[in-house]
Amino acid sequence: MVEPRRLDYRAAVLEALFEEMRRDPNVIVMGEDVGAAGGVFKQTEGLIAEFGANRIIDTPISEPGAFGMAVGAAMAGARPVFEVMFGDFMTLVMDQLVNQAAKLRYMSGGRVRAPLVLRTTMGTGANLGPQHSQGFYAWAAHVPGLKVVVPATPADAKGLWKTAIRDDDPVLIFEDRMLYAARGDVPGGEHLVPFGKAAIRRRGRDVTLVAIGRMAQRALDAAEILAGEGVEAEVIDPRTIVPLDVAGLVESVKRTHRAIVLDASPRSFGVTAEIAATLAEEAFDWLDAPVARLAAVDAPVPISRTLEPLVTPDVKAIVARARELLR
11 MVEPRRLDYR AAVLEALFEE MRRDPNVIVM GEDVGAAGGV FKQTEGLIAE FGANRIIDTP
71 ISEPGAFGMA VGAAMAGARP VFEVMFGDFM TLVMDQLVNQ AAKLRYMSGG RVRAPLVLRT
131 TMGTGANLGP QHSQGFYAWA AHVPGLKVVV PATPADAKGL WKTAIRDDDP VLIFEDRMLY
191 AARGDVPGGE HLVPFGKAAI RRRGRDVTLV AIGRMAQRAL DAAEILAGEG VEAEVIDPRT
251 IVPLDVAGLV ESVKRTHRAI VLDASPRSFG VTAEIAATLA EEAFDWLDAP VARLAAVDAP
311 VPISRTLEPL VTPDVKAIVA RARELLR
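For the sequence shown, our numbering gives the first residue as 11, with consecutive numbering after it.
Okay, structure coming up:
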């Protein structure tokens with residue numbers, strides 16, 4: 011058994027890519043600046059030196075055409091990892107993704123697959139403005155045939171990435187840029203995290219904090235403050251939006267009888283709404299209060315360093331909402 015090491019999130023993903031490309035020669039990486047430049051956030055750094063330009067493919071600034079090539083490559087037997095530099099640019103590949111890749115297995119009666127990974131970045135905190143900060147995972151989760159992954163820790167990033175590359179369906183991985191420097195223990199070797207299995211980050215008995223992506227750490231920080239007030243919050247991270255671990259979330263609410271769903275994407279018609287509705291349906295008899303939601307404001311992300319932090323819920327907001335729910 012390989013002992014865990016302290017790695018940052020970016021290094022954990024890179025390790026997964028190196029391991030999977032060594033294991034399977036059909037895995038290729040495609041996208042703008044993924045080769046010699048090593049990625050705009052250095053998330054593909056060093057891959058071209060080992061695997062060469064035939065497997066690490068720099069594409070033109072034409073997301074629709076390049077992603078169409080990735081879908082075709084997947085149909086022909088490759089396992090492409092396609093990088094969309096900023097999640098906002100997913101809008102440019104939606105036809106190929108939604109009407110082609112997501113539907114191939116169904117429309118071919120299971121004879122044609124699209125085993126590809128679409129990777130993209132998202133999140134506030136870098137002052138990149140309204141066109142470079144959005145996370146469209148709720149949008150993607152609405153499309154049958156796509157799997158949607160939002161890793162929150164370095165260990166999960168590695169394990170979910172390896173699972174995604176081996177999956178025979180299109181998988182979308184959304185990485186929050188502000189997590190790239192986050193460090194944690196990462197298992198070495200064959201570490202896979204299954205889809206559809208939530209992680210309990212902290213046990214509690216008074217309220218469940220369902221925390222997606224970067225909100226998991228804020229939920230843990232809020233739980234520490236609440237613990238000083240005698241409130242034990244349970245923090246549960248879904249890890250994958252599709253498939254969603256409904257049973258795991260319901261079991262948590264059965265223990266705590268209250269829930270707050272936390273997300274860094276806009277509140278209206280988003281993931282918080284879906285999870286809250288599901289808990290209201292599946293755990294109604296155990297709830298002592300309505301399921302609460304905290305998410306980003308329904309507004310474009312400002313580029314202002316003063317205004318941008320006000321977009322997403324902070325630790326104080328989580329603590330305040332929990333106190334209100336427990337009154």
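All C-beta atoms in this analysis are idealised placements derived from N, C-alpha and C, irrespective of residue type, glycine included.
Name the DSSP bridge partner or partners of residue i?
i: K157; result: V181
i: D68; result: G41
i: E244; result: T218
i: F279; result: F279 is not bridged to any residue.
i: I270; result: L219, A302
i: V252; result: V158
i: A209; result: D247
i: M132; result: D186
From the options, pick the residue whose C-alpha is nearest to that of residue i; which is it?
i: G82; options: Q106, G135, F99; result: Q106
i: R315; options: L102, V127, G139; result: G139
i: G178; options: L259, G258, R123, T130; result: The sequence given here places Asp at residue 178; Gly does not occur at that position. Minimum Cα distance to D178 is reached at R123.
i: G258; options: A221, A232, G206, L304; result: G206
i: I58; options: L236, R337, G45, A174; result: G45
i: A229; options: V252, Y190, A269, R265; result: A269
i: D295; options: L24, L317, L335, E261; result: E261
i: G48; options: I66, M31, R32; result: I66
Determine whether the beta carbon atoms of residue i and residue j lie at a separation below 9 Å.
i: A111; j: L126; result: yes
i: R211; j: V160; result: no
i: A162; j: A86; result: no
i: D247; j: A208; result: yes
i: V311; j: V301; result: no
i: E242; j: D216; result: yes
i: G194; j: A165; result: yes
i: A306; j: D255; result: no
i: R303; j: V271; result: yes
i: F96; j: H142; result: yes
i: V202; j: K172; result: Before going further, note that residue 202 is Leu rather than Val in the sequence given. Taking 9 Å as the Cβ cut-off, L202 and K172 qualify as a contacting pair.
i: V263; j: L236; result: no
i: G62; j: L24; result: no
i: L189; j: R213; result: no
i: T69; j: F99; result: no
i: A293; j: L219; result: no
i: I2; j: V158; result: The requested residue 2 does not occur in the structure, where the chain is confined to residues 11 to 337.
i: S278; j: D308; result: yes
Using the beta-carbon count (16 or more within 10 Å), is residue i buried or exposed?
i: K52; result: exposed
i: P204; result: exposed
i: D298; result: exposed
i: D34; result: exposed
i: E291; result: exposed
i: S275; result: buried
i: E234; result: exposed
i: Y116; result: exposed
i: G280; result: buried
Which whole-angstrom value is the C-beta distance of residue i and residue j, which I expect to be below 8 Å?
i: V12; j: G199; result: 4 Å
i: L156; j: A150; result: 5 Å
i: V103; j: F77; result: 4 Å
i: P14; j: V153; result: Not quite, the Cβ-Cβ distance comes to about 35 Å (not below 8 Å), so this is no contact.
i: R187; j: G145; result: That belief does not hold up - the Cβ atoms of R187 and G145 are roughly 10 Å apart, past 8 Å.
i: M40; j: A80; result: 5 Å
Against chain D, does residue i count as a neighbour if the rule is that its beta carbon must be under 9 Å from one of theirs?
i: A165; result: Among the protein chains of the structure shown there is no chain D, as only one such chain exists.
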